[in-house]
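Trainee: Submitted below is the structure of interest, expressed as structure tokens.
Number of protein chains: 2
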Amino acid sequence: VAPTANAPSDKALVPFVSVAHMMALVHRLGAETVLAELATAIEADFRRWEDFDRTPRLPAHSPQGVIELMPTTDGVHYSFKYVNGHPRNTRAGLQTVAAFGLLAEVSTGYPVLLTEMTLLTALRTAAVSAVAARHLARPDARVHALIGNGAQAEFQALAIRALTGADRLRLFDTDPTATAKVQRNLAPLGFNLTTCTSAEEAATGADIVTTVTADKRNARVLAANAVAQGQHLNAVGGDCPGKTELPPELLPRCAIFVEHPPQTRVEGEIQSLPADHPVTELWRVIAGNAPGRRSPADVTLFDSVGFSIEDFSALVWLKGRITPDLCQPLDLIADPDDPRDLWGMLMRAGPEGGTT
Amino acid sequence: VAPTANAPSDKALVPFVSVAHMMALVHRLGAETVLAELATAIEADFRRWEDFDRTPRLPAHSPQGVIELMPTTDGVHYSFKYVNGHPRNTRAGLQTVAAFGLLAEVSTGYPVLLTEMTLLTALRTAAVSAVAARHLARPDARVHALIGNGAQAEFQALAIRALTGADRLRLFDTDPTATAKVQRNLAPLGFNLTTCTSAEEAATGADIVTTVTADKRNARVLAANAVAQGQHLNAVGGDCPGKTELPPELLPRCAIFVEHPPQTRVEGEIQSLPADHPVTELWRVIAGNAPGRRSPADVTLFDSVGFSIEDFSALVWLKGRITPDLCQPLDLIADPDDPRDLWGMLMRAGPEGGTT
Chain A
547 VAPTANAPSD
557 KALVPFVSVA
567 HMMALVHRLG
577 AETVLAELAT
587 AIEADFRRWE
597 DFDRTPRLPA
607 HSPQGVIELM
617 PTTDGVHYSF
627 KYVNGHPRNT
637 RAGLQTVAAF
647 GLLAEVSTGY
657 PVLLTEMTLL
667 TALRTAAVSA
677 VAARHLARPD
687 ARVHALIGNG
697 AQAEFQALAI
707 RALTGADRLR
717 LFDTDPTATA
727 KVQRNLAPLG
737 FNLTTCTSAE
747 EAATGADIVT
757 TVTADKRNAR
767 VLAANAVAQG
777 QHLNAVGGDC
787 PGKTELPPEL
797 LPRCAIFVEH
807 PPQTRVEGEI
817 QSLPADHPVT
827 ELWRVIAGNA
837 PGRRSPADVT
847 LFDSVGFSIE
857 DFSALVWLKG
867 RITPDLCQPL
877 DLIADPDDPR
887 DLWGMLMRAG
897 PEGGTT
Chain B
547 VAPTANAPSD
557 KALVPFVSVA
567 HMMALVHRLG
577 AETVLAELAT
587 AIEADFRRWE
597 DFDRTPRLPA
607 HSPQGVIELM
617 PTTDGVHYSF
627 KYVNGHPRNT
637 RAGLQTVAAF
647 GLLAEVSTGY
657 PVLLTEMTLL
667 TALRTAAVSA
677 VAARHLARPD
687 ARVHALIGNG
697 AQAEFQALAI
707 RALTGADRLR
717 LFDTDPTATA
727 KVQRNLAPLG
737 FNLTTCTSAE
747 EAATGADIVT
757 TVTADKRNAR
767 VLAANAVAQG
777 QHLNAVGGDC
787 PGKTELPPEL
797 LPRCAIFVEH
807 PPQTRVEGEI
817 QSLPADHPVT
827 ELWRVIAGNA
837 PGRRSPADVT
847 LFDSVGFSIE
857 DFSALVWLKG
867 RITPDLCQPL
877 DLIADPDDPR
887 DLWGMLMRAG
897 PEGGTT
């Protein structure tokens, strides 16, 4: 279609994936397929980790929370995510974490995708946990303890089952209504569900223990002596300075795996450890150049904080999955016929701004 | 209007100002009014400069150009701009600089405005030059030499006239078709226009000299001996490492004013000077706690590179100026009835993603 005089050209139009589009995409593909495809995309990018810019995320802290920008690039695509973390938001009926993201072409700097990322982050965070569990948990893992039954819980349960087969869930939250919500949501999906009255009870007999709580403080959501030999821990909720979930005395017992050590040492569970405490980068385990679990008795810990490369993987995956009915074109980039004539474009647009 | 079960609530909807909306706004208010209002907003924020986070912009460099994120906050609002700089883009019919931006509420981390910023950046960059010229040029300045007649040229001409009264324009570009374009665009607007065959000819007799060229290299767009006593220089085009416009030997003759010294020493004309060469922050002149021009014979230089606080000012100004017909609501933020029940929102949405 030839553009009319003042209508934006294709170069000016950026596909936008709204929350409604994202939900429709998940329904169309199925949540487990989405999680499995995201896990595959993330593993592929982790294998080429060193191709990526590993710029630290850029946080703006306030008494109420944090707003972060998380950019990265592989030299072909550039991505960033905008994400907040405001633990008290739920009291006002708002999300603790809301996010959106952008994918751009490095060669021109032009955006090629803008998308909601609240849902996409929930999906990719769960996919990353599941990738870690697939590589670090015992191969016979079947029982998954889920401590913290908030917005991430169902995503974690489904992703870990999709990648490891762990379909027996032990649930605990300090708020029983949160646990009831997870139970209600997951009951139709074929899980074997047990609700527990303490984190320690939930962890008992579990092969995989995921902690995903939201308080912004140094918490102890699980007693150190409740962690048994052979367990794999996903510590998902502790993800910024002053916000941890596990008792520090537990950490020296664990073989610790992280995304990007300079970031995790500041933001992760290991912020309480000396700066030279040994950790293994998860990507090296996936790429096959570092060992993961060394024995069935090891306690492995994936100290997850979330890294820009995971969002990059999710955005490139999404770009390949959207169809014209699952996005809307946004007139985001001014695109004059003559690039040097921005003023002329503005003047010729007239009082209606060139809209028709 | 009460939202239906799965329709996004107001909290989820972020007003989006498209390129067409921005053009309509400029037509509605008038470009000179917009430039003058932006100048007022920028001056007000410069007066409270120390209220702002002055985090450096975050660049991703590539052989073809740069993509940058420019965040800041005053503790109440948070803003960032995404902007690229790809000098070779014009060969492909694309903008050298395209941008969009976001304003958010610090207390919740929720976005409150998403907007095109290619046009808004052109407007705010010109407004900043004009603010500098108002404070640094001789009060009797009437003649403005404009070296570089690309996409920024008309904005600079109009903003500087709006704030200083300089209505006699002397134009030069290495490409005469660019100069012809500016002449064509500005002729109806009451300027007294002279086209020149060299930068030196353009600068002769000028009170204000603006250089706004786009080559990514250390250029010498104006011979040092063409700069006369009493002139005010706006060096707008040199804005990243390796990209300067003025001959280094000119700089020691100038009283130099900058936005944020740590950034300008890396990105501005002064990258060729020793790191301790004295410069004055423009905000201090505006706030009245540092002198500007000391005598009519001074050569003053505003070494403009663009700073996040200027985008913040522009975004807050825009937020106050948009009306329902000049934006569209974007379903950017997932907003479940129960914030802990993101999964339930996703499942209840059904295959159409909750759209109606």
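If you're matching them up, the sequences are chains A and B in order. Quick note: the first sequence uses our numbering, first residue 547, plus one each step. Quick note: the second sequence uses our numbering, first residue 547, plus one each step. Beta carbons: idealized from backbone N, C-alpha and C, even for Gly. Since this is a predicted model, take the numbers as computed values, not measurements.
1. Could you confirm whether any beta carbon from chain A is found closer than 8 Å to the beta carbon of tryptophan 889/B?
2. Which residues in the same chain as proline 794/B place their Cβ atom closer than 6 Å to its Cβ, once the five residues preceding and following it in sequence are excluded?
3. Taking the alpha carbon of threonine 586/B as the reference point, which residue from Glu856/B, Pro897/B and Val652/B has its own alpha carbon closest?
4. May I ask you to report which of helix, strand or coil DSSP gives methionine 568/A?
5. For arginine 714/A, write down the residues that DSSP places opposite it in a beta bridge.
6. Give me the Cα-Cα distance between leucine 604/A and leucine 615/A, rounded to the nearest whole angstrom.
7. Indicate whether alanine 606/A and threonine 619/B have their beta-carbon atoms separated by less than 8 Å.
8. So isoleucine 754/B packs on alanine 683/B, CB below 8 Å; how close in whole Å?
9. Enumerate in chain order the residues of its own chain whose CB-to-CB distance from aspartate 883/B is below 6 Å, with the five nearest sequence positions on each side excluded.
10. What did DSSP end up calling phenylalanine 626/A once you bin it into helix, strand or coil?
11. Hey, does arginine 594/A have any beta-carbon neighbour from chain D nearer than 8 Å?
12. Counting pairs of beta carbons, one from the stretch 865-880 of chain B and one from the stretch 641-654 of chain A, are three or more of them closer than 8 Å?
13. Quick check: valine 758/B and valine 782/B, are their CB atoms within less than 8 Å of each other?
14. Any beta-carbon of chain B closer than 8 Å to the one on leucine 892/A?
15. Would the beta-carbon of alanine 760/A fall within 8 Å of that of glycine 696/A?
16. With DSSP as the reference, label proline 549/B as helix, strand or coil.
17. Is the CB of threonine 756/B under 8 Å away from at least one CB in chain A?
18. If you scan the stretch 794-824 of chain A from start to end, which runs of the alpha helix (DSSP H) of 4 or more residues do you find wholly inside it?
19. Output, in chain order, the set of chain B residues within a Cβ distance shorter than 7 Å of glycine 694/A.
20. With a 10 Å radius around its C-beta and 16 neighbouring C-beta atoms as the bar for buried, classify aspartate 849/B as buried or exposed.
21. Could you compute how far the alpha carbon of proline 897/B sits from the alpha carbon of valine 572/A?
22. Three Cβ pairs or more, each shorter than 8 Å: is that satisfied between the stretch 559-567 of chain B and the stretch 791-808 of chain B?
23. Please report the distance separating the alpha-carbon of cysteine 829/A from that of aspartate 591/A.
24. Please report whether the beta-carbon of alanine 551/B lies at a distance below 8 Å from any beta-carbon of chain A.
25. Please identify the residue among Ala733/B, Leu649/B, Ala833/B and Gly621/B whose C-alpha is closest to the C-alpha of serine 608/A.
26. Which residues in the same chain as serine 675/A place their Cβ atom closer than 8 Å to its Cβ, once the five residues preceding and following it in sequence are excluded?
27. Among the candidates Ala749/A, Lys789/A, Pro787/A and Ala765/A, whose CA atom is the shortest distance from the CA of asparagine 771/A?
28. Name, in chain order, the residues that DSSP records as bridge partners for threonine 910/A.
29. Roughly how many whole angstroms lie between the Cα atoms of alanine 650/A and tyrosine 624/A?
30. Could you have a look at serine 608/B and say whether DSSP puts it in helix, strand or coil?
31. Could you tell me the alpha carbon to alpha carbon distance between arginine 894/A and leucine 888/A, rounded to whole angstroms?
32. Examine chain A for any beta-carbon lying closer than 8 Å to the beta-carbon of glutamate 791/B, and answer yes or no.
Mentor: Taking the geometry as given:
1. yes
2. Ser818
3. Glu856/B
4. helix
5. Val689/A and Asn738/A
6. 5 Å
7. yes
8. 5 Å
9. none
10. strand
11. This model lacks chain D altogether; the protein chains it does include are A and B.
12. yes
13. yes
14. yes
15. yes
16. In this prediction, proline 549/B scores a pLDDT of 39, lower than 50, which makes its location untrustworthy; no coordinate-derived value is stated.
17. no
18. 807-813
19. Ordered by position in chain B, no residue passes the 7 Å Cβ test against glycine 694/A, which lies about 10 Å from the chain.
20. buried
21. 8 Å
22. no
23. Going by the sequence as given, residue 829/A is tryptophan instead of cysteine. C-alpha separation (whole angstroms): 9 Å.
24. Note that alanine 551/B scores 45 on pLDDT, short of 50, meaning its location in the model is unreliable; the coordinates nonetheless yield the value given after this. Closer than 8 Å: no.
25. Gly621/B
26. Gln702, Ala705, Ile706, Thr756, Asn780, Val782, Phe848 and Ser850
27. Ala749/A
28. Absent from the structure is residue 910/A, since the part of chain A shown begins at 547 and ends at 902.
29. 5 Å
30. strand
31. 10 Å
32. no
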